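Heads up, the thing below is written out as structure tokens.
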Amino acid sequence: MLKTDELIIRRMNETDYEQLTSWLNNKDVIEFYGNSNDPFDLARVIEKYEPRVKGLHMVKPCIVQYEETPIGFMQFYELNPSKLKEYGYNTNEHVFGMDQFIGESNFLGKGIGTKMVKSLTEYIQKKLNGSIIVMDPHILNTRAISCYEKCSFVKKKVISGEFWLMECKKK
């Protein structure tokens, strides 16, 4: 789907379920992406992600490889009318949502997250004609927020009392 000198962002497939299960149980991931009181096992990962992998769901899941090693997860989706309204956008705007994490802890703090976000943002804007991309990191997830700000995302408002709605508008 997308390749740079160091990164490959490819669509997730059935062979990735075990890897995703492992990442979703990584303490660094659970802190802000998931719930340690409600961990994902393989059956739950398959139940949630199989429709997405098969293209039966609006969310497009991806695996990120750094120098060919799987290190993380990204997903993107076009916001539906109710989410557009909730976030304060017009229903005629082409707004995409994006989520991501690095699942291999030894790859954190190396600037790879910034490369991931910049790459997928560019893909959504150029290939899918997305005019706005939004993310909703937890307000305490300062590492992610800093990464997103480096990638031209700006804080718009707090939603549900604990998440920042951040957006990047197409230039």
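With my numbering applied, the sequence shown corresponds to residues 12 to 182, in that order. The beta-carbon is built from N, C-alpha and C at its ideal position, and this holds for glycine as well. Note that this is a predicted model, so its numbers are computed, not measured.
Spell out whether any CB of chain D is found under 8 Å from the CB atom of residue i.
i: Asn46; result: Here there is only one protein chain, and chain D is not present.
Among the residues of its own chain, which have a CB less than 6 Å from the CB of residue i, if the five just before and after it don't count?
i: Val56; result: Tyr28, Leu31, Thr32
Drop a sphere of 10 angstroms on the beta-carbon of residue i, count the other beta-carbons inside from all chains shown, and report buried for 16 or more, exposed for fewer.
i: Ala155; result: buried
i: Glu173; result: exposed
i: Leu187; result: Because the chain is modelled from 12 through 182, residue 187 falls outside the range shown and cannot be assessed.
i: Met69; result: exposed
Helix, strand or coil: which one does DSSP assign to residue i?
i: Phe64; result: According to the sequence as given, residue 64 is Val; it is not Phe. Note: Val64 maps to helix in three-state DSSP.
i: Thr80; result: strand
i: Leu13; result: strand
Give me the Cβ distance between residue i and residue j, rounded to the nearest whole Å; I'm assuming they're in contact under 8 Å.
i: Glu89; j: Ile144; result: Rounded, the Cβ-Cβ distance is 10 Å, inconsistent with contact.
Within its chain, find whatever has a CB closer than 7 Å to the CB of residue i; leave out the 5 residues flanking it on each side and keep chain order.
i: Ile170; result: Asp147, Leu176
i: Val64; result: Met23, Asn24, Glu25, Pro72
i: Asp52; result: Thr32
i: Pro62; result: His68
Leaving out five residues on either side along the sequence, give the residues of the same chain with a beta carbon under 8 Å from the beta carbon of residue i.
i: Cys162; result: Thr125, Val128, Lys129, Thr132, Cys179
> Which runs of the beta strand (DSSP E) spanning at least 3 residues fall entirely within the segment 125-154, listed in chain order?
Replying inline: 143-146
>> Report the start-end ranges of each beta strand (DSSP E) in the segment 78-124 that is 3 residues or longer and not cut off at the edges.
In response: 80-89, 106-113
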